[in-house]
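Quick note: to get this note's numbering, add 231 to the position in the first sequence (first position is 1).
Only one structure is covered here, and it is reproduced in the block below.
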Amino acid sequence: MEIDQTMPELPEVETVANGVDARVRGRRIQRVWTSGKPQTFKSSEAEIVAALTAARIKLVHRVGKTIVMDLLRTGKEPAQFLIHLGMTGRLLVSQPEVPLPAHTHAVLSLSDGREVRFVDPRRFGRLSVLTGAAAYQGPGAEPTTVPVEEFSHLFKGRKLAIKAALLNQSILHGVGNIYADESLFRAGIRPRRQAGQLTREQLARLHAALRQVLSQAIKLGGSSVSDYVDADGVRGFFQLEHKVYSRAGQPCLQCGSVLKKIVVGGRTTVYCPRCQQ
DNA sequence: AGGTTGACCTGGACGC
DNA sequence: TGCGTCCAGGTCAACC
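Here it is in structure tokens:
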């Protein structure tokens, strides 16, 4: 079995959210432990403990790259627990006797004894809570559902490179480095092209490519979710076969040209100089 | 205000 | 072998 660890982008986050939802929906959170590593918590730890303790988990879902746990609390306003996995974050559902992995930063003990654990070695992940009726919307447009006209409108007049625009979460949320490069390759667009200069046709191709690549990755993720969420966090995802990401210097799978590596928006970017114009 | 850059982290890969 | 250096990247603050 081929196992590969990948960065959590939209498809991975959705896979984890669905897997955790199937396991904990309807359960009550009895106790909450946090690690005291300040940068991991966007809300204060006391705030998180107060919001989560005794709450019932109504639903676990995804908004952008954030896992959202909707909580019902008797006699209080509803709340949402927001989990951003950062680069190395994992959200696991474990029996209490399974030893805590290193770099565990939060543990939610459920009424049935199981534990929801947030583990994050590199600590780019963030935990926070929202209380009140307003549901978390995320900073930008949702790439899996945004209609093509709205998608195109997002880039109108923008001077930044299309690759940087795809990574900008306040424009479009959920797309990271891997799927930005993969969708630009499939759409035949150079990563450095100015976002506002793209034609209707190019934007339509990009919109379609992005949706296709994301939904394909979500489908593949579904087959590995139980390994991931139930395990101690060692296993990763079955990956979409990358056509350009991390293949710099290798031949393009479409035309054979050597794939080029550049930096756009501060991120490593790989593209085919022939297929992407 | 839009756009760009660097800091935050740590494990793994690589070079000498 | 072991040490040092570099690289990965999501987000945010700071800057232009």
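Glycine is no exception: its CB is placed at the ideal position from the N, C-alpha and C atoms.
Candidates the options: closest to residue i by CA position
i, options, result
"residue 336", "437, 269 and 398", "269"
"residue 308", "330, 295, 282 and 327", "282"
"residue 430", "383, 349 and 250", "383"
"residue 263", "272, 390, 280 and 273", "280"
"residue 318", "388, 238, 349 and 479", "238"
"residue 290", "322, 256 and 400", "256"
"residue 436", "507, 273 and 401", "507"
"residue 266", "351, 451, 472 and 493", "351"
"residue 381", "460, 438, 487 and 482", "438"
"residue 482", "498, 504 and 493", "504"
Residue i, DSSP secondary structure in three states
i, result
"residue 326", "coil"
"residue 473", "coil"
"residue 349", "strand"
"residue 507", "coil"
"residue 411", "helix"
"residue 340", "strand"
"residue 242", "helix"
"residue 307", "coil"
"residue 359", "strand"
"residue 288", "strand"
"residue 279", "helix"
"residue 379", "helix"
"residue 438", "helix"
"residue 404", "coil"
"residue 334", "coil"
"residue 423", "coil"
"residue 465", "For residue 465, the predicted structure reports a pLDDT of 42, less than 50, and the residue's modelled location is therefore unreliable. The matter cannot be settled from this model."
"residue 386", "coil"
"residue 258", "coil"
"residue 253", "helix"
"residue 372", "strand"
"residue 500", "strand"
8 Å contact criterion, which residue i and residue j should meet: CB distance rounded
i, j, result
"residue 342", "residue 428", "Wrong, their Cβ atoms sit about 56 Å apart, outside the cutoff."
"residue 246", "residue 449", "7 Å"
"residue 407", "residue 295", "Incorrect: roughly 10 Å between the Cβ atoms, too far for contact."
"residue 397", "residue 411", "4 Å"
"residue 441", "residue 414", "4 Å"
Contact check, residue i vs residue j, beta carbons under 8 Å
i, j, result
"residue 416", "residue 491", "no"
"residue 403", "residue 374", "yes"
"residue 254", "residue 324", "yes"
"residue 423", "residue 489", "no"
"residue 372", "residue 425", "no"
"residue 354", "residue 271", "yes"
"residue 248", "residue 321", "no"
"residue 244", "residue 288", "no"
"residue 478", "residue 501", "yes"
"residue 356", "residue 316", "yes"
"residue 286", "residue 302", "yes"
- Message: Using a Cβ distance threshold of 8 Å, determine whether the segment 359-369 contacts the segment 309-321, with at least three qualifying pairs required.
- Response: yes
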